[in-house]
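S.K.:
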Amino acid sequence: MIKLVLLLALSASAAAPAKEKKPVMEWKGQNGGPAQPGHKLVSDAKGWEALWRVIGQDAPALNLKTHAAVAVFLGEKPTGGWTAVFEEPKLKDGDLLVVYTIRAPKGFTTQAFTAPYIVRAFPKPAKGKIQVMEAKAE
2 MIKLVLLLAL SASAAAPAKE KKPVMEWKGQ NGGPAQPGHK LVSDAKGWEA
52 LWRVIGQDAP ALNLKTHAAV AVFLGEKPTG GWTAVFEEPK LKDGDLLVVY
102 TIRAPKGFTT QAFTAPYIVR AFPKPAKGKI QVMEAKAE
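So for the sequence shown, this note's numbering puts the first residue at 2; every next one is plus one.
1) If you reduce the DSSP assignment to three classes, tell me which class E127 lands in.
2) Tell me which same chain residues have a C-beta within less than 7 Å of the C-beta of A36, skipping the five on either side of it?
3) Give me, in chain order, the residues of the same chain whose beta-carbon lies closer than 6 Å to that of G81; leave out the 5 immediate sequence neighbours on both sides.
4) Does the segment 95-111 come into contact with the segment 55-65, if we say contact requires no fewer than three beta-carbon pairs (one atom in each stretch) closer than 8 Å?
5) In terms of alpha-carbon separation, which member of K137, A122, P126, V99 lies closest to N64?
6) Count the C-beta pairs between the segment 90-97 and the segment 125-133 that are closer than 8 Å, then say yes if the count reaches three, no if not.
7) May I have the straight-line CA-CA distance separating V120 from K93, to the nearest angstrom?
8) Taking 8 Å as the threshold (C-beta atoms), are G34 and Y101 in contact?
9) From the DSSP output, read off the bridge partner residues of G108.
10) What does the alpha-carbon distance come out to for the pair V43 and P79?
11) What are the start and end residues of each continuous alpha helix (DSSP H) run of 4 or more residues lying completely inside the segment 37-65, in chain order?
12) To which residues of the same chain is L11 closer than 6 Å at the C-beta, ignoring the five residues directly before and after it?
13) Tell me where the beta strand (DSSP E) around F74 begins and ends.
Set out below in structure tokens:
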């Protein structure tokens, strides 16, 4: 009886289609961001190249006809461990809402000045625009 239940459970989970996740295009670092905190939305090649000049690296490949990028700069910090985390984007009235949270380090950290950044690509919405906002950490 137990074997039959296990067999049914395994076959049911194997039959259920797995929701395929698309890979996230994201770049981040603890150094390279500007001294002032903020975020920037980039949707064209000129802005993409300028963004990466600020970070001090060559711009990676990104199809800017289908994607836009959001860069979050945390500004100059006295230690390592600072990061920004993107929530899952949401469509609202045709616009894509991109929300991020800045998280302070927990526990032991590198005792050095840092300028963390994170850049993530998002698919452009069909008709609307992309709105970016910071959610306050709890």
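Note that the Cβ used here is the ideal one computed from N, Cα and C, for glycine as well.
M.R.: Judging by the given coordinates:
1) What sits at residue 127 in the sequence shown is Ala, not Glu. Of the three classes helix, strand and coil, the one that applies to A127 here is coil, per DSSP.
2) Cβ contact annotation for A36 (same chain, cutoff 7 Å, sequence separation greater than five): G76, E77, A116, in chain order.
3) Around G81: Q31, T110, T111, T115.
4) No, because fewer than three Cβ pairs between the segment 95-111 and the segment 55-65 fall closer than 8 Å, the two stretches do not touch.
5) Nearest C-alpha to N64: A122.
6) Remark: three or more beta-carbon pairs, one from each stretch, lie closer than 8 Å, so the segment 90-97 and the segment 125-133 are flagged as touching.
7) About 22 Å.
8) No, they are not a contact pair.
9) The bridge partners DSSP lists for G108 come to none.
10) Answer to the nearest angstrom: the Cα atoms are 28 Å apart.
11) Along the length of the segment 37-65, whole alpha helix (DSSP H) runs at least 4 residues long occupy 46-56, reported in chain order.
12) Only weak support exists for where L11 lies, its pLDDT of 41 falling under 50; the value from the coordinates is given anyway. Closer than 6 Å at the Cβ level, and outside the excluded window around L11, lies no residue.
13) Run containing F74: 68-74, per the beta strand (DSSP E) assignment.
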